[in-house]
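Have a look at the structure below before the remarks.
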Amino acid sequence: MSTNYGHKNVVDESARKLVAVITGGNSGVGLTAAERLLSLNNGEGIEICLVCRNKQRAEVARSSLLKSHPNATVDIVLIDTSSIASVIKGAKELRIKYQHVDFLYLNAGAFLVRRGINWSHMMKEIFDSDSPGQKILHMFSTGEGLLLQRDSLTNEGLQQVFATNLFGHYVLVRELEPLLGKDSPSQVIWTSSRASIKSSFNVNDIQHKNGQDPYGSSKFGIDVMSVALNERLNKQNIYSHTCCPGLVLTNLTSAIFPMWIWYMLLPFFLLVSYKHTPNRELIRLL
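Going by UniProt numbering, the first residue of the sequence shown is number 1, and it counts up by one from there.
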């Protein structure tokens, strides 16, 4: 960390380094967050831990970060957030590795779709609407009812999307509580989405076994979970936040449509972004 005395930055070698743990840190929003944190801290004032499922991809991401920040400390811990056993095992490794965690980015996610647009639902919504243009903008800006989603069961019997996006991260927070808020405030940051749909969430079916929008349900569950965590953890110097990165072209979005289709749709999404949330929905191509 550095202190500005008016003439130059003086690095205090004994200063306590920040620690940021990022799930899904090997690509997309997670990798960009890691790069940004290193840049803001001159590559030396913060330790980054990439929490990933795939070791090879994690190593590639680590190498790219060290290439731009050769003096940085970048670690890897393997966790699959859809597996509670994996979360518990990885959290134990994190507790051994670090004395504290200042930033916990809960970014890993799953969005499972059958390729193609839900044309029948889309047409019905448009023709039944008094403002079809507004309805189209709403569907494309939130994804509500736009794509045919699918889900599956994990080896532990949980719904894949629920476990990956919400429950695995909740367990990780609970397992890492001893490292959070120890001697300074800790921030827990969830990657939520404009696709968080209240109507898709059912408190009696939190895994969304019986619905058509597991992603929207899981993201709304994240928003609710963040509020609940703040009620319980603020007194422990732990603060939970949700954020929407806007439309970001990542491995997740490329699994929905080929990249060339996204580039063709980009002008339309810029219109959606400007129309609905000019201050939040900044289009970023990663």
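We put the beta carbon where it would ideally sit given N, CA and C, even for glycine.
A quick note: this is a predicted structure, and the numbers were derived from the prediction, not measured.
- Message: What ranges does the alpha helix (DSSP H) occupy inside the stretch 12–87, keeping only unbroken runs of at least 4 residues that lie completely in it?
- Response: 28–40 and 55–68
- Opposite Asn241 in the DSSP bridges: which residues? For the sequence presented, residue 241 should be read as His rather than Asn. Ile189.
- Where does Gly6 sit, in a helix, a strand or coil, going by DSSP? At Gly6 the pLDDT is 37, less than 50, meaning the model places this residue with poor confidence; the figure from the coordinates comes in the next sentence. Gly6: coil per DSSP, three-state reduction.
- Item | Continuous alpha helix (DSSP H) stretch holding Phe220: start and end | Pro214 to Leu233
- Buried versus exposed, by CB contacts within 10 Å (16 or more), Leu50: buried
- Message: Only counting the same chain, and skipping five residues up and downstream in sequence, which positions put a Cβ closer than 8 Å to that of Leu229?
- Response: Val173, Val188, Ile238 and Ser240
- Message: I need the DSSP call for Phe103, collapsed to helix, strand or coil.
- Response: strand
- Arg174 - containing alpha helix (DSSP H), residue span: Gly168 to Leu176
- Query: Can you tell me the Cα-Cα spacing of Ser226 and Leu166, whole angstroms?
  - Reply: 10 Å
- Val74: buried (16+ other C-beta within 10 angstroms of its C-beta) or exposed? buried
- Message: DSSP has Val113 in a bridge; who is on the other side?
- Response: Gln149
- Query: Helix, strand or coil: which one does DSSP assign to Gln160?
  - Reply: helix
- Message: Between which residues of its own chain and Pro178 is the CB-CB distance below 7 Å, once the five residues before and five after are set aside?
- Response: Arg95
- Query: Is Gln207 closer than 8 Å to Leu158 when the C-beta atoms are compared?
  - Reply: yes
- Task: Return the bridge partner residues of Leu180 from the DSSP annotation.
- Result: Val101
- Query: Under the three-state reduction of DSSP, which class applies to Lys198: helix, strand or coil?
  - Reply: helix
- Message: Let me make sure I understand the geometry here. Which of Ser196, Ser82 and Phe103 has the alpha-carbon closest to that of Gly30?
- Response: Phe103
- Message: Closest to Asn202 by C-alpha separation, out of Ser218, Asn155, Ser27 and Ala58, would be which residue?
- Response: Ser218
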